[in-house]
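Student:
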Amino acid sequence: MSKFHYTFNLAALFGIILSCITHALSPSSAYTSAVLRVVYDGTLFHGWSDANDGSIAILPNNGEARLNKRSRSRRNRLRPSVKMGEVRSVQGTLRFALSKLYGNVDVHNVIIEGCSRTDAGVSARHMIALIYCLKEVDKENKNVAALSIKGKRIPHPSSPRDEEFKPLPFDSDLQKMVYALNKMLPPDVMIADASTMPTDSSDETHERPFHPSLDTISKTYSYTFSVGIAHDPLQCRNDWHIQSNNSFNMKRAQDCASRLCGTHDFINFRGAFRGSERGKIQDTTCTIHNISICEEGIDTPIPSYSRYKISVEGNRFLYKMVRFLVGIIVQYGTDEKKSWQDLSTALSSDTFEEYSKDTDERNDQPKAKARLCAPANGLILDDVTFDNKWRFHWTFQ
Numbered sequence: 097m098s099k100f101h102y103t104f105n106l107a108a109l110f111g112i113i114l115s116c117i118t119h120a121l122s123p124s125s126a127y128t129s130a131v132l133r134v135v136y137d138g139t140l141f142h143g144w145s146d147a148n149d150g151s152i153a154i155l156p157n158n159g160e161a162r163l164n165k166r167s168r169s170r171r172n173r174l175r176p177s178v179k180m181g182e183v184r185s186v187q188g189t190l191r192f193a194l195s196k197l198y199g200n201v202d203v204h205n206v207i208i209e210g211c212s213r214t215d216a217g218v219s220a221r222h223m224i225a226l227i228y229c230l231k232e233v234d235k236e237n238k239n240v241a242a243l244s245i246k247g248k249r250i251p252h253p254s255s256p257r258d259e260e261f262k263p264l265p266f267d268s269d270l271q272k273m274v275y276a277l278n279k280m281l282p283p284d285v286m287i288a289d290a291s292t293m294p295t296d297s298s299d300e301t302h303e304r305p306f307h308p309s310l311d312t313i314s315k316t317y318s319y320t321f322s323v324g325i326a327h328d329p330l331q332c333r334n335d336w337h338i339q340s341n342n343s344f345n346m347k348r349a350q351d352c353a354s355r356l357c358g359t360h361d362f363i364n365f366r367g368a369f370r371g372s373e374r375g376k377i378q379d380t381t382c383t384i385h386n387i388s389i390c391e392e393g394i395d396t397p398i399p400s401y402s403r404y405k406i407s408v409e410g411n412r413f414l415y416k417m418v419r420f421l422v423g424i425i426v427q428y429g430t431d432e433k434k435s436w437q438d439l440s441t442a443l444s445s446d447t448f449e450e451y452s453k454d455t456d457e458r459n460d461q462p463k464a465k466a467r468l469c470a471p472a473n474g475l476i477l478d479d480v481t482f483d484n485k486w487r488f489h490w491t492f493q
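Residue numbers (the working numbering): 97 to 493.
Below, the structure written as structure tokens:
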């Protein structure tokens, strides 16, 4: 054997060994969790959580639907639609699409943890969601406690490369994963960006890994509403119209907003618990950092029509709290006779009263409490802030 052939065979053997080593090590070096920035129009969704309907919401025909099946209808693919009787959730829609990207795994293996749980009809520009996939469902819950973090009941990755979970699709190429997801998702939900699971950049050892809801330090919601003698049909899906002959008193509304800012017990600005949650003990103290109100200029043929936007930033929010805050601001802006004592009483009370103490003379039943809750369609989750110690690696920024 010539020296050339010997060298060539040795190089080929070395290449094979190196390839085998690389293949063997690739699972441990692959990323197994990522963070998505999700944008969606909540009009046709039954909220963020798939627990709203008790099951994975978007599994027609017992989960046997094929996403690549070509429809014979000529409907616009960029126009969202829902079949009669179909109930969708944003989380369920994402889980179904991700289960396909992970290789047709069971949808219950795909875990999506969002930074918030928006209600039905609420939209989001900045929903942060952590995604990962279990290798197999532990029906006996033997490893759940070991892999979970305090306060949560499901396994959670300890690092971006935790080997207890399946590697991300496309060999952890987030750009390809985002592209494929957006091709599969309906037009009213989109992935705007993606990052590997953030790590703690501080010198101090963090007690637990990143979690999108536990590590949120502030959220910003915006709400759009209009005031006038008639509504604008072109805006009715995205704002709340208050039919009134009176103009909106911006000064009174801003005065109300300033009184709501600060740390208060917002128990009277919370929606009543339902079903099994009745009687639940909850911390109802929240801090509102800022509330701003501005008039939005809009070209409309509707006479005496004005459109406004309220932005609310706080450290945390109770169930329907933002909608109750918007409701009381609108009440003070449209009703000149409403007493400031009502607001002071609501903020100073530490007990929740679902009904008024007065009784209705018609049926001798308690009157419903006079709290105005704005409808969901005008509400948008605008921004979410995390501590600076969490280092994100966004793909498109």
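Beta carbons are placed, not taken as given, at the ideal position from N, Cα and C, and that holds for glycine.
Which full runs of the beta strand (DSSP E) of 3+ residues lie inside the region 401 to 438, going along the chain?
Tutor: Runs found: 401 to 410.
Student: Name the DSSP bridge partner or partners of S388?
Tutor: Its beta-bridge partners are S407.
Student: Taking the alpha carbon of V201 as the reference point, which residue from G210, D258, P265 and Q271 has its own alpha carbon closest?
Tutor: When each option's Cα is compared against that of V201, the closest is P265.
Student: If you compare alpha carbons, which of A130, K196 and I394 is closest to F306?
Tutor: Comparing Cα positions, the closest option is A130.
Student: Along the chain, where does the beta strand (DSSP E) that runs through T189 open and close?
Tutor: Segment V186 to L197 is the alpha helix (DSSP H) holding T189; no beta strand (DSSP E) there.
Student: Using DSSP bridges, identify the partner residues of Q339.
Tutor: For Q339, which the question treats as bridged, DSSP gives the partners G324.
Student: When we look at the beta-carbon of P294 and count the other beta-carbons within 10 Å, is it buried (16 or more) or exposed?
Tutor: Buried, since its Cβ has 16 or more Cβ neighbours within 10 Å.
Student: Under DSSP, the alpha helix (DSSP H) around Y127 begins and ends at which residues?
Tutor: Here Y127 belongs to no alpha helix (DSSP H), and DSSP marks it neither H nor E.
Student: On the DSSP bridge assignment, give the partners of L477 in chain order.
Tutor: In the DSSP output, where bridge partners are listed per residue, L477 has A220 and Y317.
Student: If you draw a straight line from the alpha carbon of S309 to that of P329, how long is it in whole angstroms?
Tutor: Taking the straight line joining both Cα atoms gives about 36 Å.
Student: What does a CB cutoff of less than 7 Å around I394 pick up in its chain, not counting 5 residues either side in sequence?
Tutor: Correct list, in chain order: R403.
Student: Going by other Cβ atoms of all chains shown within 10 Å of its Cβ, with 16 needed for buried, is C332 buried or exposed?
Tutor: The residue in question, C332, is exposed, as its Cβ has fewer than 16 Cβ neighbours within 10 Å.
Student: Check for me: the beta strand (DSSP E) holding M286 runs from which residue to which?
Tutor: Looking at the DSSP string, the run of the beta strand (DSSP E) that includes M286 is V285 to T292.
Student: Would you kindly report the start and end of the unbroken beta strand (DSSP E) that includes D351?
Tutor: Where D351 is concerned, there is no enclosing beta strand (DSSP E), although the alpha helix (DSSP H) it sits in stretches over M346 to L356.
Student: Output the distance between the C-alpha atoms of N345 and C352, rounded to the nearest integer angstrom.
Tutor: Distance between the alpha carbons of N345 and C352: 11 Å.
Student: State buried or exposed for G188, treating a residue as buried only when at least 16 other CB atoms are found within 10 Å of its CB.
Tutor: Per the 10 Å Cβ criterion, buried.
Student: What are the boundary residues of the beta strand (DSSP E) that includes V206?
Tutor: It spans V206 to G210 - the beta strand (DSSP E) in which V206 sits, taken as one unbroken run.
Student: On the premise that A276 lies in contact with L132, defined as a C-beta separation below 8 Å, what is that separation, rounded to the nearest angstrom?
Tutor: Wrong, their Cβ atoms sit about 13 Å apart, outside the cutoff.
Student: If I'm right that K315 touches R366 with Cβ under 8 Å, what's the distance once you round it to whole angstroms?
Tutor: 16 Å between Cβ atoms; not a contact.
Student: CB-CB under 7 Å to D483, same chain, minus the five flanking residues each way: which ones, in chain order?
Tutor: Once the five neighbours on either side are set aside, the close Cβ partners of D483 are D311 and I313.
Student: Just reading off the alpha helix (DSSP H) that V274 is part of, what are its end residues?
Tutor: Counting along the chain, the alpha helix (DSSP H) containing V274 begins and ends at L270 to M280.
Student: So what's D483 in DSSP terms, helix, strand or just coil?
Tutor: Three-state DSSP puts D483 in coil, outside helix and strand.
Student: Are there three or more Cβ pairs, one per stretch, closer than 8 Å when the region 276 to 286 is compared with the region 378 to 392?
Tutor: These segments do not touch.
Student: Classify D146 as helix, strand or coil using the three-state DSSP reduction.
Tutor: Reduced to three states, the DSSP call for D146 is helix.
Student: Measuring CA to CA, which of R355, D478, I387 and T383 is closest to T441?
Tutor: Of R355, D478, I387 and T383, the residue nearest in Cα terms is R355.
Student: Can you pull the DSSP bridge partners for A470?
Tutor: Beta-bridge pairing links A470 to no other residue.
Student: Closer than 7 Å by C-beta to R221: which residues in its own chain qualify, once you throw out the five before and the five after it? Chain order, please.
Tutor: So the qualifying residues of the chain are V135, I476, L477 and D478.
Student: Determine the DSSP secondary structure at L140, reduced to helix, strand or coil.
Tutor: Helix.
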